[in-house]
Amino acid sequence: MKPQVGLIPLGRDIRSGLWEFWLWESGPRPPWKAGPEDSGQIDLGLLPRTPFGIVLVLIPGGQFLMGSSDDPDSPVYDPDSQREERPAVELLLSPFFLSKFELTQGQWLHLGLENPSMTMEPDF
């Protein structure tokens with residue numbers, strides 16, 4: 001995967017082993033507690049008082065079966081599946097980023113976007 005502009009590597013999550021990145025435009029650097037080698041974790045002990053930017057997790061690509069089968073010997077057998085879920089098909093996903101946490105209104109606004117909420121003040 002090519003380097004992604006605006007993403008700063010934090011390290012590998014100590015539990016999942018997946019790489020985590022800080023989207024620097026979205027707010028302050030997340031509090032990262034370093035572990036052995038490149039590992040560590042976000043220090044959630046500082047929340048909710050300390051806001052920080054968006055953390056993205058790099059999900060590795062790979063093949064998987066999507067859907068289900070009505071064959072009890074199939075690895076994707078689901079007796080309760082709907083007809084639209086069959087047959088299972090093999091798909092190949094490219095690596096992608098997924099936010100580790102829900103975005104706050106404050107993070108959204110920090111990116112220069114309009115606040116879509118009509119009922120709540122932004123939380124920073």
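Positions 1 to 124 (UniProt numbering) are the ones given, in order, by the sequence shown. Virtual Cβ for every residue (Gly too), placed ideally from N, Cα, C.
Check, Outcome
"Leu-91 - containing beta strand (DSSP E), residue span", "89 to 93"
"Straight-line Cα distance separating Met-1 from Leu-93", "13 Å"
"Cβ neighbour criterion (16 or more within 10 Å) applied to Gly-112", "exposed"
"Where the beta strand (DSSP E) through Gln-63 begins and ends", "62 to 66"
"Integer-rounded CB distance, given that Leu-91 should sit under 8 Å from Met-66", "5 Å"
"Buried or exposed by the 16-neighbour rule on C-beta atoms within 10 Å, applied to Arg-15", "exposed"
"Neighbourhood of Ile-59 by C-beta, 6 Å cutoff - its chain only, sequence neighbours within 5 removed", "Phe-96, Leu-98"
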